[in-house]
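For the sequence shown, the positions run 1189 to 1344 when the numbering used here is used. From the three backbone atoms N, C-alpha and C, an ideal C-beta is built for every residue, glycine too. The next block holds one structure in the form of structure tokens; read it before the comments.
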Amino acid sequence: MERLGRGIALLTALAAAGSSACAATYVPRPSHYVVHDADDRYHRDGQEVAVGLLGGGAERLVAGDARALEHARRAQHEMRLGWTLYGVGWASLLVGAVAAGAWSHDRLKEGAAFGVMGLGAGVSLVGVWFTMKGGASLVDAINVYNDDLDARAVPP
């Protein structure tokens, strides 16, 4: 048993060291381009611009470019919808689980509770999909912004 405890302690120490050893410390030099670094931070014009889980800050990140703003607004909408659906889905899963436990003596009600759980799982998965789609729309906004910067810099 003592040997097992040592093994777990060793694995924990290795996991802690491995997860902290890969942190990037480089901060990009100031430029007009939007840059997303390894620490999940965004930089523009020498400033760090925070973008939240719900897409807050995305518009500020690409302000001044109408095409990029369309993508940023879409990203915000998809992220907000995704997180909302994810939360509603998890709430349905929990309500269904509690109901299934409470109605274990009634097969019909227990079946309905499991149906609610299945529906909750499906809604959560759709929420995850929308959240990921929102992340892709944010990448599109950044790419459009950076490409439009290049297009304005090149003389006709």
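Beta-carbon separation (whole angstroms), residue i vs residue j, contact threshold 8 Å
i: PHE1302; j: GLY1289; result: Actually they do not touch by this definition, with Cβ atoms about 11 Å apart.
i: ALA1287; j: VAL1304; result: 7 Å
i: ALA1329; j: ALA1260; result: 4 Å
i: TRP1271; j: GLY1323; result: With 8 Å as the limit, TRP1271 and GLY1323 do not qualify as a contact, their Cβ atoms being about 12 Å apart.
i: LEU1241; j: PHE1318; result: Incorrect: roughly 13 Å between the Cβ atoms, too far for contact.
Option in the options with minimal Cα separation from residue i
i: ARG1232; options: GLY1243, ARG1248 and THR1272; result: ARG1248
i: ASP1227; options: SER1219, GLU1236 and TYR1221; result: GLU1236
i: LEU1257; options: ARG1268, GLY1243 and LEU1269; result: GLY1243
i: ASP1336; options: THR1200, ALA1254 and VAL1223; result: ALA1254
Beta-carbon spacing of residue i, residue j below 7 Å
i: LEU1326; j: ALA1238; result: no
i: GLY1167; j: GLY1245; result: Residue 1167 lies beyond the range of the chain shown here (1189 to 1344); nothing can be said about it.
i: TYR1230; j: ASN1334; result: no
Identity of the residues DSSP links to residue i by a beta bridge
i: VAL1237; result: TYR1230
i: HIS1265; result: HIS1265 pairs with nothing; no bridge assigned.
i: HIS1224; result: TYR1230
Q. Which ranges does the beta strand (DSSP E) cover as unbroken runs of at least 3 residues, wholly within the region 1276-1339, from first to last along the chain?
A. Scanning the region 1276-1339 from its first residue to its last, no whole beta strand (DSSP E) run of 3-plus residues comes out.
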